[in-house]
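Take a look at the structure set out below.
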DNA sequence: TTGTACGCGTTATCAA
DNA sequence: TTGATAACGCGTACAA
């Protein structure tokens with residue numbers, strides 16, 4: 001089989017202990033021996049066995065990541081790929097491995113997320129796309145190891161909530177619309193299983209209430225799909241008193257809405273101003289180029305890992321971490337024409 | 001610490017061996033004991049330790065996945081997320097874990113991909129986005145364990161090549177253009193470090209050569225970015241003899257090209273027919289809705305894992321696996337007007 | 001500075 | 001059907 005420290009010990013006529021120490025660059029071993037050991041290790045093509053190391057040190061150096069997706073395009077549309085990038089980089093940088101799970105695999109039906117984690121002795125876990133009606137939610141709340149959940153807030157002694165600071169971005173967006181003269185601003189939210197829906201709606205509502213222009217008839221509950229954007233855009237222009245702007249809480253729905261508006265003959269952005277949320281890669285390519293609130297997915301992924309690692313190092317639990325969002329102004333909003 | 005089989009053995013006054021057998025549902029143990037063991041295991045909150053199991057069985061049940069990305073949007077734009085989905089599902093279905101690595105992590109600079117794999121005793125590895133000028137390419141070729149590479153062909157005794165059957169899709173696309181009356185068909189390819197560029201170009205060229213309408217002046221080498229699509233679209237309409245159609249080998253570049261064409265006042269699709277490649281999620285939302293060749297990313301991910309698993313089970317190495325592509329006809333191509 | 005002895009949690013082999 | 005023993009590859013006290 002493969003070379004072990006025993007083999008190289010035998011070759012050098014020393015003990016495995018000495019080899020182990022040399023390879024781990026311990027203080028209590030001579031430079032001379034270290035060099036010799038390293039050289040023959042190299043020569044023999046030795047590769048350390050992390051499995052054995054993890055067993056003996058009782059430390060897996062592993063973080064579990066759960067990616068929940070439903071439709072074919074779900075991950076890309078939900079920023080999952082950016083999260084993943086941030087997660088891996090931050091983890092690897094700190095010498096942690098990522099083991100990835102996805103829903104829909106029979107795996108997850110047989111066993112709970114937490115048991116999967118326990119068996120692998122992961123030191124922490126990250127959840128993405130978790131729904132608040134997930135059957136295993138209670139277990140997650142009581143997790144014995146640190147957990148970071150992206151975009152879903154859950155109370156639990158070990159869980160951190162990682163999300164965009166949507167409030168700030170939305171405030172900025174609403175002020176922008178306000179300054180453009182908009183007074184009737186509709187919203188298309190997401191389904192109620194995603195907390196981001198609620199949070200984004202609240203930020204929207206709060207601003208409008210303060211300005212005294214909130215109108216509940218301008219609230220439409222979509223479900224994050226393009227189709228729902230399309231559908232509610234249609235409803236919006238059927239209104240007796242049509243709004244001059246819509247805030248659509250995901251770019252994807254905004255895409256659907258834009259299509260609907262165009263199909264109905266509206267001239268964009270003059271007949272309707274639109275602000276999205278996410279800044280997905282094609283937002284700048286559609287017609288009109290979409291003004292939207294940008295999320296920093298990579299930073300969110302990194303923050304998820306950081307929260308876990310901090311806690312593992314004995315730090316205090318960060319109940320929540322918010323990542324800045326910012327308004328990206330393009331061409332989908334116009335000044336309200338004075339009549 | 002956590003409960004082990006020893007603990008439950010002690011409690012039941014039997015040996016760990018018996019517990020192990022019971023828990024693994026072995027034949028040589030009484031039903032009675034099995035039930036008793038399972039019950040107390042449950043009661044004590046026992047969770048098996050895969051690390052120990054993997055050490056003793058000398059089987060990691062793990063596949064390493066390397067995701068190479070460069071830009072912020074790289075993974076989503078390169079279909080990485082779909083691959084990942086297919087990979088995880090197929091792996092988990094077969095009781096395999098995925099451990100994920102990404103480039104740019106200091107990790108990969110310190111150690112080669114193969115050593116990372118060896119240390120973790122992964123049974124196989126999948127590469128996505130690998131460049132043929134990668135410094136570790138030789139090592140990959142000589143890998144002792146099975147490797148699946150998506151979209152990059154490499155000769156090696158253990159490496160499988162997983163890719164889209166772009167030939168078939170492109171043929172279909174070219175025939176479609178031909179039947180629409182197009183005789184001057186340009187192409188915008190990708191950079192030469194990606195083999196998909198070459199393969200897609202070859203398929204394009206072959207068809208046109210057969211029809212005797214190939215013109216090397218209509219070939220433009222982009223680099224998969226939106227900007228390069230934009231840039232070469234501009235060059236195309238500066239041609240003395242403007243083509244009536246362009247085949248752009250990635251939807252993303254097609255997006256850039258469409259923007260350029262529009263900006264220059266072309267009416268699409270009448271002034272220029274466009275066919276993309278990938279069918280990314282927004283292809284249907286741009287104006288005009290993009291006719292493109294669809295890749296099945298999920299199937300590719302699954303195939304990558306299947307190739308590894310088959311080989312692990314003693315099957316023959318599949319040098320290459322091609323996944324069907326198909327032409328998705330939308331509104332970006334028009335019949336050539338007869339003058 | 002090096003070596004001895006042991007243990008991590010589990011499974012495998014063989015004996016009882 | 002169950003148990004005793006050893007082993008997987010490595011790290012860590014502690015002794016030499």
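Protein chains in written order, with the numbering used here: chain A, 1 to 339; chain B, 1 to 339.
All C-beta atoms, glycine included, are put in the ideal place defined by N, C-alpha and C.
At a CB-CB cut-off below 8 Å, which residues of chain B make contact with residue i?
i	result
residue 120 of chain A	50, 51, 97
residue 231 of chain A	In chain order: nothing, as chain B lies at least about 15 Å away.
residue 112 of chain A	By Cβ distance, chain B contributes nothing, its closest Cβ being about 11 Å from residue 112 of chain A, past 8 Å.
residue 141 of chain A	Within chain B, no residue comes near residue 141 of chain A; the closest Cβ sits about 17 Å away, beyond 8 Å.
residue 419 of chain A	No information on residue 419 of chain A is available, as it lies outside the stretch 1 to 339 that chain A covers here.
At a CB-CB cut-off below 8 Å, which residues of chain A make contact with residue i?
i	result
residue 83 of chain B	By Cβ distance, chain A contributes nothing, its closest Cβ being about 10 Å from residue 83 of chain B, past 8 Å.
residue 136 of chain B	Neighbours of residue 136 of chain B on chain A: none; closest Cβ ~15 Å, over 8 Å.
Give me the chain A residues within the contact set of residue i, using Cβ-Cβ distance strictly less than 9 Å, ordered along the chain.
i	result
residue 101 of chain B	88, 92, 97, 98
residue 38 of chain B	Result: empty, since nearest Cβ-Cβ is about 14 Å, beyond 9 Å.
residue 290 of chain B	The premise fails here: residue 290 of chain B is roughly 11 Å from chain A at the closest Cβ pair, so nothing lies under 9 Å.
residue 361 of chain B	Nothing about residue 361 of chain B can be reported from this structure: the residues present for chain B run from 1 to 339 only.
residue 327 of chain B	Neighbours of residue 327 of chain B on chain A: none; closest Cβ ~18 Å, over 9 Å.
Rounded C-beta distance between residue i and residue j? I'm assuming under 8 Å.
i	j	result
residue 226 of chain A	residue 253 of chain A	7 Å
residue 255 of chain B	residue 282 of chain A	6 Å
residue 260 of chain B	residue 230 of chain B	5 Å
residue 52 of chain B	residue 37 of chain B	Their Cβ separation, rounded to whole angstroms, is 18 Å, which puts residue 52 of chain B and residue 37 of chain B out of contact at 8 Å.
residue 328 of chain B	residue 87 of chain B	The Cβ separation is near 24 Å, so there is no contact.
residue 128 of chain B	residue 150 of chain B	5 Å
residue 95 of chain B	residue 49 of chain B	Not a contact, Cβ separation roughly 16 Å.
residue 321 of chain B	residue 162 of chain B	5 Å
residue 336 of chain A	residue 116 of chain A	No, residue 336 of chain A and residue 116 of chain A are not in contact; Cβ-Cβ is about 53 Å, not under 8 Å.
In the DSSP assignment, what residue or residues form a beta bridge with residue i?
i	result
residue 125 of chain B	B:64, B:147
residue 322 of chain A	A:163
residue 97 of chain B	B:62
residue 327 of chain A	A:293
residue 102 of chain A	A:67
Once you ignore the five residues that flank residue i on each side, which residues in its own chain have a CB closer than 7 Å to its CB?
i	result
residue 203 of chain A	166, 167, 170, 171
residue 75 of chain B	Low confidence applies to residue 75 of chain B: its pLDDT is 46, below 50, so where it sits in the model is not reliable enough to give any reading.
residue 258 of chain B	268, 274, 286
residue 243 of chain B	184, 185, 186, 218, 236
residue 155 of chain A	141
residue 312 of chain A	123, 124, 146
residue 40 of chain B	8, 11, 12
residue 15 of chain A	9
residue 100 of chain B	65, 67
residue 178 of chain B	211
residue 73 of chain A	Low confidence applies here, because residue 73 of chain A scores a pLDDT of 49, under 50, leaving its location unreliable; read the following figure in that light. Nothing meets the Cβ criterion.
Grab me the residues of residue i's own chain with a C-beta within less than 6 Å of its C-beta, minus the 5 sequence neighbours each way, in chain order.
i	result
residue 246 of chain A	186, 274
residue 221 of chain B	189
residue 138 of chain B	none
residue 224 of chain B	190, 250
residue 276 of chain B	248, 251, 254, 290, 292
residue 331 of chain B	288, 289
residue 34 of chain B	22
residue 197 of chain B	189, 190
residue 103 of chain A	68
residue 56 of chain B	none
residue 213 of chain A	183
What residues of chain B sit near residue i, judged by a beta carbon separation below 7 Å?
i	result
residue 309 of chain A	What residue 309 of chain A touches in chain B: nothing, since even the nearest Cβ is about 14 Å away.
residue 166 of chain A	Those do not exist, as residue 166 of chain A stays about 20 Å from chain B at its closest Cβ, beyond 7 Å.
Run down chain A in chain order and give the residues with a C-beta less than 7 Å from the C-beta of residue i.
i	result
residue 115 of chain B	47
residue 282 of chain B	255, 282
residue 60 of chain B	51
residue 259 of chain B	285
residue 55 of chain B	51, 52, 55
residue 69 of chain B	85
Short of 8 Å in beta carbon distance, which residues of its chain neighbour residue i, apart from the five on each side in sequence? Order them along the chain.
i	result
residue 85 of chain B	297, 298, 301
residue 278 of chain B	79, 250, 251, 252, 292, 293, 294, 295
residue 136 of chain A	112, 113, 114
residue 271 of chain B	261
residue 241 of chain B	184
Starting from the N-terminal side, write out each stretch of the alpha helix (DSSP H) that is 4 residues or longer and does not extend beyond the region 186-224 of chain B.
195-210
Unbroken alpha helix (DSSP H) runs of length 4 or more, entirely within the region 223-290 of chain A: which are they?
226-237, 251-263
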